[in-house]
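Chemist:
Numbering (this note's numbering), first residue to last: 1 to 560.
(1) Who are the near neighbours of residue 145 in its chain, counting only those whose CB is closer than 6 Å to its CB and skipping five residues on each side?
(2) To the nearest angstrom, report how far apart residue 179 and residue 352 are at their CA atoms.
(3) When the Cα atoms are used, what is the spatial distance from residue 168 to residue 434?
(4) Is the distance from the Cβ of residue 370 to the Cβ of residue 440 below 8 Å?
(5) May I ask which residues mark the beginning and end of the alpha helix (DSSP H) holding residue 388?
(6) Enumerate in chain order the residues of its own chain whose CB-to-CB distance from residue 378 is below 8 Å, with the five nearest sequence positions on each side excluded.
(7) Could you tell me the boundaries of the alpha helix (DSSP H) in which residue 447 lies?
(8) Assign residue 211 to one of three DSSP states: helix, strand, or coil.
(9) Span of the alpha helix (DSSP H) holding residue 151?
(10) Output the distance between the C-alpha atoms of residue 191 and residue 45, rounded to the nearest integer angstrom.
(11) In whole angstroms, what separates the C-alpha of residue 534 from that of residue 138?
(12) Tell me where the beta strand (DSSP E) around residue 343 begins and ends.
(13) Measure the beta-carbon distance from residue 354 to residue 393 and round it to whole angstroms, keeping in mind my assumption that it falls under 8 Å.
(14) Give the C-beta separation of residue 285 and residue 367 to the nearest angstrom, bearing in mind that I take them to be a contact with Cβ-Cβ under 8 Å.
(15) Considering only residues of the same chain and omitting the five flanking positions on each side of residue 317, which have a CB-CB separation below 6 Å?
(16) Reducing DSSP to helix, strand and coil, say where residue 179 ends up.
(17) Could you spell out the range, first to last residue, of the alpha helix (DSSP H) harbouring residue 75?
(18) Within its chain, find whatever has a CB closer than 7 Å to the CB of residue 49; leave out the 5 residues flanking it on each side and keep chain order.
(19) Quick one: is residue 93 buried, meaning 16 or more other Cβ sit within 10 Å of its Cβ, or exposed?
(20) Cβ atoms of residue 21 and residue 309: under 8 Å apart, would you say?
(21) Could you tell me if residue 287 is buried or exposed, where buried requires 16 or more neighbouring beta carbons within 10 angstroms of its beta carbon?
(22) For the pair the region 467–478 and the region 515–532, tell me if three or more CB-CB distances fall below 8 Å.
(23) Rounding to the nearest angstrom, what Cα-Cα distance links residue 447 and residue 223 in this structure?
(24) Please report how far the alpha carbon of residue 442 lies from the alpha carbon of residue 345, in whole angstroms.
(25) Among all the DSSP beta bridges, which residues are the ones paired with residue 442?
(26) If you compare alpha carbons, which of 274, 55, 232, 102 is closest to residue 31?
(27) Assuming residue 429 contacts residue 340 (C-beta within less than 8 Å), just tell me the rounded distance between them.
(28) Identify, in the order they occur along the chain, each residue of the same chain with its Cβ nearer than 8 Å to the Cβ of residue 120, setting aside the five sequence neighbours on each side.
(29) Is it the case that the Cβ atoms of residue 395 and residue 484 are separated by a distance below 8 Å?
(30) Taking only three categories from DSSP, how would you classify residue 353?
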């Protein structure tokens, strides 16, 4: 684990440790924050659970003088049904969906706010009886669902039973200890020597310290303040998660528009560049067709590889076939060899290397004209133009295999292998541009969809390409954006966005993960093209004149 990964682990351990003992849901924070931040180095769940358990036990030991045997007995009995429900629901995929966790955060956050406002707050712990512990047990059963919060729902129950805020917090901390202990023991099953390494112990110590400190601060806070800030935080976090979760569309989102196909120029009317682009798309999506990594598509995937290599050769290059091997790639046999096809212009070890890439594979049962014969065609067109008149900067052009499932979002992506190889050799990459679906345009009003939270700034006509960057790629994004607008009239929508799952949906993600600036140039896929991942993704559906303008713009940017 590198410095960045270690930092992520430590920060998430501190956050997770504090969240477990506050009325904000530790399980929600364990599930949601790595997803929101797109961090891949979460601390071990068992370490966080043990940290929370130790924090609660240390607090109980500190307050042992005020803990009666009746209180301890009632809390232990109340924990039994909750432990059984936790075992029954542990790992439920439905409950761990972001939308479900968000709804739980919001609903039980509102209940916490209501209890904080309506509770009598006149009783002490010594006044609790069997009926009160039965109500506590019922509340804790609900906490088996991620997002509910064991501490939060126990405090809500305590407030509704008439406890003062501080007493409700003490009851919740005491009641949570046996349940967190049971969860920690269960999660530790099978942990061997490798699982008990430095990350585990570091996360355990940090989460213990964060949890113990957060609980002490909570009790001090409640001496003269209410729980409003915690309830509002839960509701706000839940709404944010719902907003982000809706940014991930269904595969055929644009098909809901029910628009007739937009008009396209006849082949005889195309400009020379547009005609060449159409020939490439027709060869890949028409003559070859499906180019999937899963058999029987592998044979056609190899045909596409050979076609790309021949076209590079026809432009005057000696293309490099760069092999890599599948590992735990779903239905693909381990060790299956795939190939990236790459050509270079200039000194690849010089400063300021630009990488342009497009994947030539498809999903199963689709010819993949837009996804992604269009990007591959533009890559081939640029290769020939740059060979005739090389740019001043060094450029690497790569056609990737295996971008689509089952490789998608794994290290089996061809682009991930390329990014890893560039990083290993110390390449001085200024930036990478992923050519991801460049062929579907529709200038009719209402032809463009987008993330719900961007609908007020996104054009309603699908006549543009989007240039998407993460925060770290901002400087490279600005360079490309400025040059594009100087040289091209094709509308460009520049977006700098957080690394949400819906924004990492192409070959740029591997370069982000390797620490390189990278951009995605796209027609927005399922937000515009109703043929996305369908058998109707055919060559005749694309706008080759607009693709030609995109190639013109990219060529000008590369020469700028």
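All C-beta atoms in this analysis are idealised placements derived from N, C-alpha and C, irrespective of residue type, glycine included.
Modeler: So, to answer that:
(1) 95, 104
(2) 55 Å
(3) 54 Å
(4) yes
(5) 375–388
(6) For residue 378, where only same-chain residues beyond five positions count, the Cβ hits under 8 Å are 277, 358, 435, 438, 547, 550, 551, 554.
(7) Looking at the DSSP string, residue 447 is not in any alpha helix (DSSP H), and its letter there is neither H nor E.
(8) helix
(9) 150–160
(10) Whole-angstrom Cα-Cα distance: 11 Å.
(11) 48 Å
(12) 337–345
(13) 6 Å
(14) 4 Å
(15) 343
(16) helix
(17) Per DSSP, residue 75 is one residue of the alpha helix (DSSP H) stretching across 69–89.
(18) Residues 180, 183, 184, 187 of the same chain have their beta carbon placed closer than 7 Å to that of residue 49, with the five preceding and five following residues left out of the count.
(19) exposed
(20) no
(21) exposed
(22) Segments in contact, yes.
(23) 57 Å
(24) 35 Å
(25) Bridge partners of residue 442: 462.
(26) 102
(27) So it is not a contact: roughly 16 Å between Cβ atoms.
(28) 162
(29) No; because the gap between Cβ atoms is not below 8 Å, this pair is not in contact.
(30) strand
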